[in-house]
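Asker: Below is a structure I'd like to ask you about.
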Amino acid sequence: MSQRKLANMKFIDPKLIPATGNLEIDRDHLRLAESMNQVYESWQRGMRCPELAGKFEELRGHLASHFGKEITIARGAGYKRWLAHHHEHKEFLHRFDDFLGTCRTASGPDQANIEMFMELEQHLFEHEVMSDQDMWNLWDKDGKVLANEKLISWKPEFSVGVEQIDGQHQRLIVLLNDIHLRLRDGLTPVTAIVERLKMVYLEALQHFRSEEQYFSHLPEPMADQHRIAHESLIKELKAALDDHDMADSQRLTALVEGYLKFWLLDHILNTDSRLREYLK
Ligand SMILES: [Fe+2]
Ligand SMILES: [Fe+2]
Ligand SMILES: [Fe+2]
Ligand SMILES: [Fe+2]
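Okay, structure coming up:
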């Protein structure tokens with residue numbers, strides 16, 4: 013590995029990351045940059061493969077979670093090319109895994125695998141600023157929403173054909189709309205907003221339990237995937253509620269407007285809707 017190549021390894025200045033208009037995605041980008049910078053700093057301190065593999069694994073974890081979230085948000089926002097985009101992510105992670113495999117078994121300071129990483133880094137940069145830009149137009153760049161505009165309005169196509177389930181979905185939408193308005197007008201203390209989010213968490217838990225009672229009508233793989241989707245939201249919400257940094261209205265806005273809204277829309281329209289076919 014030449015010194016010239018090493019010098020090319022970049023420290024990412026978080027201030028230079030462009031805002032996407034979605035606060036949750038912006039937050040993820042900051043975390044990704046932090047994780048990249050940790051790799052860079054470890055490298056500067058002399059850490060090499062295979063020791064460095066742990067840092068790369070962390071970065072891979074953040075990337076996978078970011079990609080997953082991005083697709084959920086994009087689908088929920090009605091982005092038509094989401095499947096092609098999802099394949100781009102998958103391919104990228106595949107290459108990253110090849111790289112990780114090489115790094116885990118490598119030794120010595122001059123491995124070609126760091127060159128491979130820099131290629132990946134470049135590729136990621138291109139993906140994040142070029143391919144992703146297509147999606148950034150889905151939401152208002154200044155995050156402007158009219159004061160009394162609802163976060164989600166119930167539409168007939170949301171119905172999954174089971175009154176109990178539709179009612180629970182409507183209730184979740186009402187709760188999220190209420191939190192959204194409170195975040196907008198800024199009159200509710202952050203602690204009270206967190207309390208309301210805990211209610212969303214409990215309602216979601218109960219709702220998932222009700223929904224899962226119908227899963228015996230679904231083919232096994234579909235039921236499993238659906239259950240996993242529920243578990244992942246519960247995990248995500250729980251982590252957010254346990255996170256003390258949540259006591260900040262910007263962070264709460266990112267969670268509610270940037271993620272939960274799209275998760276719920278995507279989940280109702282693309283996952284829960286499958287119940288309709290099997291419960292006829
Ligand atoms: Fe991204
Ligand atoms: Fe992407
Ligand atoms: Fe569901
Ligand atoms: Fe549901």
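Under the working numbering, the first residue of the sequence shown is numbered 13, with each subsequent residue one higher. The beta-carbon is built from N, C-alpha and C at its ideal position, and this holds for glycine as well.
1. Say whether the region 62-80 touches the region 270-277, bearing in mind that this needs 3 or more beta-carbon pairs closer than 8 Å, one atom from each stretch.
2. Given Met48, which residues of its chain have a CB within under 6 Å of its CB, disregarding the five upstream and five downstream residues?
3. Could you work out which residue in His279, Lys292, Asp284 is closest to Thr84 when comparing CA atoms only?
4. Three or more beta-carbon pairs under 8 Å between the region 35-48 and the region 89-105, yes or no?
5. How is Arg57 classed by DSSP in three states: helix, strand or coil?
6. Less than 8 Å between the beta carbons of Arg183 and Glu215, yes or no?
7. Using only the alpha-carbon positions, how far apart do Ala118 and Met59 sit?
8. Counting C-beta neighbours from all protein chains within 10 Å, is the total for Ile177 16 or more, i.e. buried, or is it exposed?
9. Pop quiz: Leu217 and Ile246 are said to be a contact at Cβ under 8 Å. What is the actual Cβ separation, rounded to whole angstroms?
10. Taking C-alpha atoms, which residue in Leu277, Arg194, Leu112 lies nearest to Val172?
11. Would Leu356 and Ile185 be called neighbours here (beta carbons separated by less than 8 Å)?
12. On a CA-only basis, which of Ser165, Arg196, Tyr213 is nearest Gln262? Give me that one, please.
13. Please report the distance separating the alpha-carbon of His256 from that of Gly73.
14. Would you call the CB atoms of Lys27 and Gln50 closer than 8 Å?
Answerer: In brief:
1. no
2. Against the sequence shown, residue 48 aligns to sequence position 36. Correct list, in chain order: Ile24.
3. By one-based count along the sequence shown, residue 84 stands at place 72. Residue His279 is the option with its Cα nearest to Thr84.
4. Judged by Cβ distances under 8 Å, the region 35-48 makes no contact with the region 89-105, as fewer than three pairs qualify.
5. The count along the sequence shown starts at 1 and reaches residue 57 at position 45. DSSP places Arg57 in coil when its eight states are reduced to three.
6. Against the sequence shown, residue 183 aligns to sequence position 171. Against the sequence shown, residue 215 aligns to sequence position 203. A contact, by the Cβ cut-off of 8 Å.
7. Start at 1 with the first residue of the sequence shown, and residue 118 comes out as number 106. Start at 1 with the first residue of the sequence shown, and residue 59 comes out as number 47. Distance between the alpha carbons of Ala118 and Met59: 12 Å.
8. Here residue 177 refers to the residue found at position 165 of the sequence shown. Label assigned to Ile177: buried.
9. In the sequence shown, residue 217 corresponds to position 205, counting from 1. In the sequence shown, residue 246 corresponds to position 234, counting from 1. Right, their Cβ atoms sit about 6 Å apart.
10. Your numbering for residue 172 matches position 160 in the sequence shown. Among Leu277, Arg194, Leu112, the Cα nearest to that of Val172 belongs to Leu277.
11. Shown here, the chain extends from 13 to 292; a query on residue 356 therefore has no answer.
12. By one-based count along the sequence shown, residue 262 stands at place 250. Nearest C-alpha to Gln262: Arg196.
13. The residue given as residue 256 occupies position 244 in the sequence shown. The residue given as residue 73 occupies position 61 in the sequence shown. Going by the C-alpha atoms only, they are around 22 Å apart.
14. Here residue 27 refers to the residue found at position 15 of the sequence shown. Here residue 50 refers to the residue found at position 38 of the sequence shown. No, the pair does not count as a contact, with Cβ atoms beyond the cut-off.
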